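Single-structure report; data block below.
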Amino acid sequence: MRPALLALFVLAACAQTPTAAPGETPAAAIHLSGTKWQRVDDLDANPHGATLEFDGARASGYTGCNRWFASVTQEGEALRFGPVGTTRMACGAGVQTATERNFLPVLEATRYAHYDRETLVLLDARQNQIAQFVSTLPSE
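For the sequence shown, the numbering used here begins at 37 and goes up steadily by one.
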């Protein structure tokens with residue numbers, strides 16, 4: 037009975053949502069939370085292209101080869117991705133590698149975003165367009 041009880045406590049602890057460290061404020065959900073996007077302006081992209089998905093203060097998606105994830109902050113039109121992590125799958129096709137190589141620097145350079153229900157445009161520090169996406173969620 038005791039090992040089962042201990043296992044239950046361990047599983048419960050693993051299932052809890054992480055909280056902010058003492059003295060830190062938890063990251064707030066952003067306006068883009070709950071949206072999903074696919075890149076449409078990369079002429080070198082594989083047919084599936086790179087994707088973005090926003091959930092709370094996190095973003096994730098597909099680079100064209102690997103899965104990626106990062107924290108994200110938004111204040112008005114200002115949008116910034118935290119350090120980006122990726123899986124480490126071997127990309128066989130050159131087009132997959134090109135898609136990823138064209139996408140990851142976009143996440144690092146993003147400073148602003150303009151969006152509506154169908155389109156998301158990412159901008160750099162000078163507000164130059166660096167990527168364009170279309171919504172992959174069904175219209176309401």
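Idealized CB from N, CA, C, for every residue including glycine. Small disclaimer: the values here were computed from a predicted structure and weren't measured.
Would you call residue i buried or exposed, if buried means 16 or more other Cβ atoms sit within 10 Å of its Cβ?
i      : result
Ala126 : exposed
Glu89  : buried
Gly121 : exposed
Arg162 : exposed
Where residue i and residue j are concerned, what is the direct C-alpha to C-alpha distance, given to the nearest angstrom?
i      : j      : result
Arg137 : Val131 : 10 Å
Val157 : Gly97  : 16 Å
Gly100 : Ala106 : 16 Å
Ser69  : Gly128 : 32 Å
Asp91  : Ala65  : 7 Å
Arg94  : Asn164 : 24 Å
Tyr148 : Gly85  : 21 Å
Give the DSSP-derived three-state secondary structure of residue i in the structure shown.
i      : result
Leu42  : Residue placement at Leu42 cannot be trusted, given a pLDDT of 36 that sits under 50; what the coordinates show is reported in the next sentence. In this structure, Leu42 counts as helix in the three-state DSSP scheme.
Arg137 : helix
With a CB to CB cut of under 7 Å and the five nearest residues on each side skipped, what residues in its chain are close to residue i?
i      : result
Pro119 : Ala106
Ala167 : Arg75, Asp77, Val142, Leu158
Glu154 : Val170, Ser171
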